[in-house]
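First the structure, in the form of structure tokens, and then the observations on it.
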Amino acid sequence: MNRYPLWKYLLIVAVVALGFTYAAPNLYAPDPAIQISGQSGAMVMDQAVLDKALSRLNDADIAYFGESLDDKSVLIRLKDGAQQLAAKRQIQEALGLEYVVALNLADNTPDALASMGATPMKLGLDLSGGVHFLMQVDTDSVITKHLETQLNEIKKALRESKTRYKKARLEGSELVFTFADAEQRDEAQSLVRRDFRDLLPLTSDTGEEGQAYRLSLSLSEVALKEKIDYAVGQNLTTLRNRVNELGVSEPIVQ
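Now the structure itself:
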């Protein structure tokens, strides 16, 4: 004998069906994706940006299967999550630093469910496996600043030793000094070999001034590696300190 009225059973079925409907998006795992936006909010994303990004992915043999475009961002879905970092690097190189290229997870909820307002539950860091943070160190700027410092120090040392030079400048990754005669240049070369041992001197008897005597200085491979390792190490130390201040459990910073 039925002890409860029919409407109660219908209510239970309706609640269960409604709960399942709005929980169903959690069954669809998000797709690994790359999101592209402008450094400035005024930048508008267009088809040309999307085509350039897709062309670079094709050249790099990185598989993708879906893309979307609006005025503010571009979203490209990838078939393999393990290729996200490689895809980000390729697209960033293709588009340049005017664009922000970020790793993302694209919602995979079916349109029928999305039209009803059903969305997957947002997982916290503890449930989603934590957060991955990639920091890039601008090693080119580190080397340039070091060479500028070396340039000023060498100019000061040359003045103190009364070694006269005509011009001193930074050209790319080299310090270039020009002299009026070979004697002055050779004195400068001896000074560099003695006091600036991380620099490799290279002499030349022709330059922009016709018959100028040039002395070109570049960092040795050992010194270059030391400067880059030091810069990366300093940034890792800073990052570790910031992470420790947040009280994150079992962080891995490498």
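Residue numbers for the sequence shown, in our numbering: -8 to 245.
Think of the CB as a built atom: it goes at the ideal place given N, C-alpha and C, for glycine as much as any other residue.
Keep in mind it's a predicted model, so treat the numbers as computed, not measured.
Item, Value
"Beta-bridge partners of Q26, as assigned by DSSP", "L66, A93"
"Nearest-angstrom beta carbon gap, E165 and L208 [assumed within contact, 8 Å]", "6 Å"
"Chain-order list of residues whose beta-carbon lies under 8 Å from that of L161 (same chain, five-residue window excluded)", "T135, L138, E139, L142, V167"
"Neighbour-count burial assignment, T169, 16 or more Cβ in a 10 Å radius", "buried"
"For A39, the nearest candidate out of D61, P23, D22 (CA to CA)", "D61"
"Outcome for P23 when other beta-carbon atoms lying within 10 angstroms are tallied against a minimum of 16", "buried"
"Inter-residue Cα distance where the pair is D37 and A159", "45 Å"
"Of the residues L1, A5, R231, Y(-5), the one placed nearest L125, counting alpha carbons only", "R231"
"Y55 - containing beta strand (DSSP E), residue span", "55 to 60"
"Local conformation of R80 per DSSP, three classes", "helix"
"Distance between beta carbons of N99 and Y19, contact taken as under 8 Å", "4 Å"
"Nonlocal neighbours in the same chain, by C-beta distance under 7 Å from K146, ignoring five residues either side", "A159"
"CB of I219 within 9 Å of CB of V133, strictly", "yes"
"Beta carbon of E178 nearer than 9 Å to that of S152", "yes"
"Proximity below 9 Å, CB of K253 to CB of A54", "A question about residue 253 goes unanswered here, because the residues of the chain that appear run from -8 up to 245."
"Minimum C-alpha distance to D102 - residue among D42, L88, D50, Y13", "Y13"
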